[in-house]
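Scroll down for the structure; my scribbles are underneath it.
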Amino acid sequence: MSRKSVPFTREFIEEVTRRYPTPFHIYDERGLRANMRYFRAAFSWVEGFKEYFAVKACPNPHILHLLHQEGCGTDCSSLAELVMSERTGITGEEIMFSSNETPAEEYIKARELGAIINVDDISHIPYIERHCGIPEVLSFRYNPGHLRRGNAIIGNPADAKYGLTRAQLFEAYPLARSKGATRFGLHTFIISNELERRYFVETARMLFELAVEVKDRLGIRLEFINLSGGIGIPYRPEQEAVDLERLSEEIRAEYERLLVPAGLHPMKIFFESGRMVSGPYGYLVTRAIHRKEIYKRYVGTDACMAHLMRPALYGAYHHITVMGKEDAPHDQVVDVVGSLCENNDKFAVDRPLPEIEIGDLLVIHDTGAHGFAMGFNYNGKLRSAELLLREDGSVELIRRAETLDDYFATLDFSKLGRLGA
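For the sequence shown, the numbering used here begins at 2 and goes up steadily by one.
As C-alpha cells, this is what we get:
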C-alpha cells in the first residue's frame, strides 16, 4: 500500500490557519505544474497535442492561468465557464465548448470567443445556425450506446443523455458541411474516474476507426480527435494511478495501425481531463470541533458536505490525514462528519484513524477536482476560501470565503414590511 502525503507540515498549515480560518481548500502549484508537464511529455509524439482542462473540475481563474502557462486550454460547458476563460485571457480555439441542452446565449458567447463548438445533438446544427451562424469548425460528440460499457458515475452510454448515435453522426457531418463548416473534429465522453488504462486505449481505437470511416464514406478528413477525460485518480492508498506513458504508447500503436495507413497523419489528439490534472493537488483543511459517542464514534469538523459533496453523493472515499499523527496507530474507528442537517453529511464512515482530539487539523485529500466546485449553500452554509500554495512556499488567497452578507445579497428584505400588513 502506498502512502498518501501532504505537501506541508503541521506547523506550516497551523500558521496558515491563523490568517485563513478553516475550513479551506488549498492547492499545490508545484504538483499541478509537474503533473501537467508529465502529461504533455507523455504525448509529445502527437503533432498538435492539447489538454483542454475541464473548468468544471476546479473553476478558479488562478488555477486556469497557471495551467494555461503549462499549455492547457479550457473545456467549458456553461456561460460562466466561457466568461471565466475569457477573463483569464483564454480565447479562440484554446476553448473547447462542450455543452448539452445548450441555451442560445451560450452558443452566441462561444461563437463570439471563437471557441471550438463540440455539438451534442444533431438538432443543434439548425439551432446554432439560427442563433449565431455555423462556425468554420465543428466537432460532434459520439455516443456508442450498447457498444461500450460505462461506470457508476456516468452510467452506461445507452442510458446517458450525451452525444449522437452512430447513424446521426454520419448525417451530421454532411449537414454541417452543407451549411458552411469546413473543419471537423470528433469527440466522445462515456466514462468518469476510470483507472483501467485499456479502457482509454479502446476508446482511442473506436474513434480512430470512426475517423477512417468518415473519410472513406463522406470524404471528410477530421482535423482532431478529442479523447475526452475520465482518467481517474487513486483516491485510495492501495490504488495505482494510470500510467500516462504506457497509455500514450498504446494509443500511439493504434494511431500508427489505423490512422497512418488511411492517410490521416498528422491527426491532432486532444484530451479534456479535469480530475486527473488537478484532483490530487487539492486538499480540504478542516478542524475537529466535537467528539460524540453513541452507537458509533463520531468526530465533528467545521467543514461539511457543502465543502466536499463527493462522499455523500457517490459514497466516494477520500483519504484523511490527521496532521502531526501521520505515524500514530490507526486504532480508532470513527465516522468523520459535518454539521449539515443531513445524515449522509459524512467524509468517512467506519474509518480507522489515529486518536483525534478536539482542535486537531484534518486534511482531506484529492479535493482539487469536484471539491470546491460542487459546493452549495444548503442550511445556509457558506462556501470556503481557496488558497494556492506557491512553488516558493508562500500561500496566496485565490478566493475569499463567503460571508453572511454574500448569502443574503440576493434577498430583498425591504419588502417584508408590506407583507401581511
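Here a beta-carbon is modelled for each residue, glycine too, at the ideal position from N, C-alpha and C. The structure presented is a predicted model; accordingly, all values stated were derived computationally and were not measured.
Original post:
Going straight from the alpha carbon of Glu294 to that of Glu387, what length do you get?
Top reply: Within the sequence shown, the letter at position 293 stands for residue 294. Within the sequence shown, the letter at position 386 stands for residue 387. When rounded, the distance between both Cα atoms is 32 Å.
Original post:
Can we count Ile321 as close to the ligand FAD, meaning its CB is less than 7 Å from some heavy atom?
Top reply: Summarising the ligand content, the structure contains no ligands, and the ligand FAD is consequently not present.
Subject >> Minimum Cβ-Cβ distance from Asp407 to chain D less than 8 Å >> reply: Protein chains in the displayed structure number just one, and chain D is not present.
**OP:** Taking Tyr163 and Asn101 to be in contact with their CB atoms under 8 Å, please state how far apart those CB atoms are, rounded to whole angstroms.
**Re:** Here residue 163 corresponds to residue number 162 of the sequence shown, with the count starting at 1. Here residue 101 corresponds to residue number 100 of the sequence shown, with the count starting at 1. The pair is a contact, with the Cβ atoms about 6 Å apart (cut-off 8 Å).
Original post:
Are there three or more Cβ pairs, one per stretch, closer than 8 Å when the stretch 82-90 is compared with the stretch 30-37?
Top reply: In this structure the stretch 82-90 does not lie against the stretch 30-37, because fewer than three pairs of beta carbons, one per stretch, are closer than 8 Å.
Subject >> Cutoff 8 Å; reference His320; Cβ partners in own chain excluding five residues on either side >> reply: The sequence position of residue 320 within the sequence shown is 319, counting from 1. Taken in chain order, the residues that qualify are Lys5, Tyr236, Arg237, Pro238, Ile365, His366, Asp367.
Original post:
Quick one: what's Met97 bridged to in DSSP?
Top reply: As a position in the sequence shown, residue 97 is number 96, starting the count at 1. Per DSSP, the beta bridge partners of Met97 are Asp76, Ile117.
Original post:
Alpha carbon to alpha carbon, how far is Met2 from Gln240?
Top reply: Locating residue 2 in the sequence shown gives position 1, counting from the first residue. Locating residue 240 in the sequence shown gives position 239, counting from the first residue. With a pLDDT of 45 at Met2, under the threshold of 50, the predicted position of this residue should be treated as unreliable, though the coordinate-derived value follows. The C-alpha of Gln240 is placed about 8 Å away from the C-alpha of Met2.
Original post:
Is the CB-CB distance between Gln333 and Arg298 below 8 Å?
Top reply: The count along the sequence shown starts at 1 and reaches residue 333 at position 332. The count along the sequence shown starts at 1 and reaches residue 298 at position 297. Cβ atoms of Gln333 and Arg298: closer than 8 Å.
Original post:
Quick one: any contact between the stretch 203-214 and the stretch 263-273, if contact means 3 or more CB pairs under 8 Å?
Top reply: Three or more pairs of CB atoms, one per stretch, sit closer than 8 Å, so the stretch 203-214 contacts the stretch 263-273.
**OP:** Rounded to whole angstroms, what's the CA-CA distance from Ser274 to Phe414? Just pull it up for me.
**Re:** Taking the first residue of the sequence shown as position 1, residue 274 is located at position 273. Taking the first residue of the sequence shown as position 1, residue 414 is located at position 413. Whole-angstrom Cα-Cα distance: 43 Å.
Subject >> Closest Cα partner of Gly49 within the set Leu65, Asp303, Glu224 >> reply: Taking the sequence shown and counting its residues from 1, one reaches residue 49 at position 48. It is Glu224.
Original post:
How many angstroms separate the CA atom of Leu309 from the CA atom of Leu285?
Top reply: Here the question's residue 309 lines up with position 308 in the sequence shown. Here the question's residue 285 lines up with position 284 in the sequence shown. So the alpha carbons of these two residues sit roughly 8 Å apart.
Original post:
What is the rounded straight-line gap between the Cα of Ile14 and the Cα of Met306?
Top reply: On the sequence shown, position 13 is the one that residue 14 refers to. On the sequence shown, position 305 is the one that residue 306 refers to. Those two C-alpha atoms are separated by around 22 Å.
Original post:
Mapping DSSP to helix, strand and coil, what is Arg4?
Top reply: Taking the first residue of the sequence shown as position 1, residue 4 is located at position 3. It is coil, neither helix nor strand.
Original post:
Is Leu398 near Tyr28, with beta carbons less than 8 Å apart?
Top reply: One-based indexing of the sequence shown puts residue 398 at position 397. One-based indexing of the sequence shown puts residue 28 at position 27. For Leu398 and Tyr28, no; Cβs fall outside 8 Å.
Original post:
What are the boundary residues of the alpha helix (DSSP H) that Val215 is part of?
Top reply: Start at 1 with the first residue of the sequence shown, and residue 215 comes out as number 214. Run containing Val215: 198-219, per the alpha helix (DSSP H) assignment.
Subject >> Of the residues Ala313, Leu341, His331, Ala317, the one placed nearest Asp303, counting alpha carbons only >> reply: By 1-based counting over the sequence shown, the position of residue 303 is 302. If we check each option's Cα against that of Asp303, Leu341 comes out closest.
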